[in-house]
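Just so we're aligned, residue 22 is where the sequence shown starts under our numbering, counting upward by one.
Each residue gets a CB set at the ideal place from its N, CA and C atoms; glycine is no exception.
Every value quoted in this text rests on a predicted model; they were computed, and no experiment measured them.
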Amino acid sequence: MEELIPRLGQNIIKLIEVDSTNTYATNLVSKTNPINGTVIRAEYQTKGRGQIGRYWNSAPNLNLLCSVILFPSSILVSDQFMISKVVSIAIAQLLEEYDIEDVKIKWPNDIYVKDRKIAGVLIQNQIQGKSIKNSIIGVGINVNQLIWNIDIPNPTSISKITQKKHDIDNVLNDLLNNLSKYYYMLLYGKHEAIDELYIRSLYLINSLHTFYQGDATFNGAILGVNTNGQLLIRKSDQSISSYSFREISFSRHIL
Ligand code: BTN
22 MEELIPRLGQ NIIKLIEVDS TNTYATNLVS KTNPINGTVI RAEYQTKGRG QIGRYWNSAP
82 NLNLLCSVIL FPSSILVSDQ FMISKVVSIA IAQLLEEYDI EDVKIKWPND IYVKDRKIAG
142 VLIQNQIQGK SIKNSIIGVG INVNQLIWNI DIPNPTSISK ITQKKHDIDN VLNDLLNNLS
202 KYYYMLLYGK HEAIDELYIR SLYLINSLHT FYQGDATFNG AILGVNTNGQ LLIRKSDQSI
262 SSYSFREISF SRHIL
């Protein structure tokens with residue numbers, strides 16, 4: 022079994038500073054032939070990338086900033102959101118292993134503790150026909166940072182919650198253990214088990230909230246996610262609609 026499922030992270034490239042580990046990984050894949058599970062880790066990013074063209078800010082040497090290169094050729098493009106689920110579950114479990122409670126996955130793949138963001142994920146898939154040629158899994162986990170710029174909305178970190186400093190190498194090691202486990206669950210077709218774990222941790226599921234869609238707002242309850250990764254919401258009139266990322270936003274006010 023061990024040989025059939027080699028652990029991810031057998032090749033780790035450590036960088037002091039880089040523009041973005043995702044950009045570095047993308048270039049590496051286009052110019053060389055890295056092994057599956059190659060990890061790029063940086064102490065600091067000058068142009069850390071977030072979702073929808075945003076930046077990911079992280080103070081030097083305090084947080085985990087990494088990208089994992091995967092070649093999930095057996096995963097269909099139509100199932101690509103499963104990769105997002107696997108990564109979110111792996112991070113959520115890692116935080117629980119640090120005795121952090123109330124860990125939630127805010128759709129599609131932000132990781133929250135209570136109402137504060139502790140980790141972000143940026144996945145870039147290169148598609149070939151019906152399959153995924155390669156997938157760059159960018160993960161930023163706030164580990165030891167305690168102070169943030171005022172413009173970063175509701176951040177938190179492992180250290181802030183646990184009141185302890187943590188070794189970032191250990192956090193990466195724990196992440197790779199969990200990611201290996203859930204990624205191979207996906208390759209072995211255990212979609213239902215993965216769906217169950219994802220839904221169990223979904224932020225704000227089954228309770229009434231306000232959603233923002235352009236200039237409009239509406240009330241509804243999150244029911245889950247469809248196979249395309251769209252969020253399913255039951256509106257007040259009981260109709261069920263699906264939404265893509267960028268189409269809607271939601272949050273809960275922090276008390
Ligand atoms: C988000 O929540 O907007 C996604 C943030 C993803 C940040 C990580 S940090 C390591 C990797 N390299 C990047 O440039 N971005 C991801």
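**Prompt:** Mapping DSSP to helix, strand and coil, what is methionine 22?
**Reply:** The count along the sequence shown starts at 1 and reaches residue 22 at position 1. Residue placement at methionine 22 cannot be trusted, given a pLDDT of 37 that sits under 50; what the coordinates show is reported in the next sentence. In the three-state reduction of the DSSP assignment, methionine 22 falls in the coil class.
**Prompt:** Quick one: what does DSSP say glutamine 72 is sitting in, helix, strand or coil?
**Reply:** Looking up residue 72 in the sequence shown gives position 51. In this structure, glutamine 72 counts as helix in the three-state DSSP scheme.
**Asked** In chain order, what residues of the same chain lie with their CB nearer than 6 Å to the CB of isoleucine 139, ignoring the 5 residues before and after it?
**Response** Counting from 1 along the sequence shown, the entry for residue 139 is found at position 118. So the list reads Ile132, Asn163 and Thr177, once near-sequence residues are dropped.
**Asked** Are there 16 or more other CB atoms within 10 angstroms of the CB of glutamine 234, so buried, or fewer, so exposed?
**Response** Counting from 1 along the sequence shown, the entry for residue 234 is found at position 213. Glutamine 234 should be labelled exposed.
**Message:** Taking DSSP's pairing of strands, which residues face arginine 137 in a bridge?
**Reply:** Position 116 of the sequence shown holds residue 137. Looking at the DSSP assignment, arginine 137 forms a beta bridge with Val134.
**Asked** Taking DSSP as the reference, what is the three-state secondary structure of valine 164?
**Response** Within the sequence shown, the letter at position 143 stands for residue 164. In the three-state reduction of the DSSP assignment, valine 164 falls in the coil class.
**Prompt:** Apart from the five residues on each side of it in sequence, which residues of its chain come closer than 6 Å, Cβ to Cβ, to methionine 22?
**Reply:** Taking the first residue of the sequence shown as 1, we reach residue 22 at position 1. Summary for methionine 22: the model assigns pLDDT 37, below 50, so the residue's position carries little reliability, and this model does not support an answer.
**Message:** Assuming the contact rule is C-beta atoms closer than 8 Å, valine 108 and isoleucine 144 should be a hit. Round their C-beta distance to whole Å, please.
**Reply:** As a working note, residue 108 is residue 87 in the sequence shown. As a working note, residue 144 is residue 123 in the sequence shown. About 7 Å separates the Cβ atoms of valine 108 and isoleucine 144, confirming a contact at the 8 Å cut-off.
**Among Gly141, Trp128 and Ser99, nearest to tyrosine 224 - alpha-carbon criterion** = Locating residue 224 in the sequence shown gives position 203, where the first residue counts as 1. Residue Trp128 is the option with its Cα nearest to tyrosine 224.
**Request:** For the stretch 31–115, list the alpha helix (DSSP H) runs that are entirely contained and at least 4 residues long, ordered along the chain.
**Result:** Inside the stretch 31–115, DSSP marks whole alpha helix (DSSP H) runs of 4 or more residues at positions 42–52, from first to last along the chain.
**Message:** Report the CB separation of tyrosine 65 from isoleucine 96 in whole angstroms; it is logged as a contact under 8 Å.
**Reply:** Working through the sequence shown from its first residue, we reach residue 65 at position 44. Working through the sequence shown from its first residue, we reach residue 96 at position 75. With 8 Å as the limit, tyrosine 65 and isoleucine 96 do not qualify as a contact, their Cβ atoms being about 32 Å apart.
**Close Cβ partners of valine 60 (< 6 Å) along its chain, the five nearest in sequence each way excluded** = Locating residue 60 in the sequence shown gives position 39, counting from the first residue. Its chain contains Gly30, Ile33, Cys87 and Val89 as the residues whose beta carbon lies nearer than 6 Å to that of valine 60, once the 5 sequence neighbours on both sides are disregarded; these appear in chain order.
**Request:** Give every residue whose Cβ lies closer than 6 Å to any heavy atom of the ligand BTN, listed in chain order.
**Result:** In chain order, the qualifying residues are Ser41, Thr42, Asn43, Gln66, Gly69, Arg70, Gly71, Gln72, Arg75, Trp77, Leu86, Cys87, Ser88, Asp131, Gly141, Val142, Leu143, Gly159, Val160 and Gly161.
**Asked** Expressed to the nearest angstrom, what Euclidean distance is found between the alpha-carbon atoms of isoleucine 104 and isoleucine 171?
**Response** Residue numbering aside, residue 104 sits at position 83 when the sequence shown is read from its first letter. Residue numbering aside, residue 171 sits at position 150 when the sequence shown is read from its first letter. Between isoleucine 104 and isoleucine 171, the C-alpha separation is close to 32 Å.
**Item:** asparagine 130 classed as buried or exposed, judged by whether at least 16 other C-beta atoms fall within 10 angstroms
**Value:** On the sequence shown, position 109 is the one that residue 130 refers to. Buried: at least 16 other Cβ atoms inside 10 Å.
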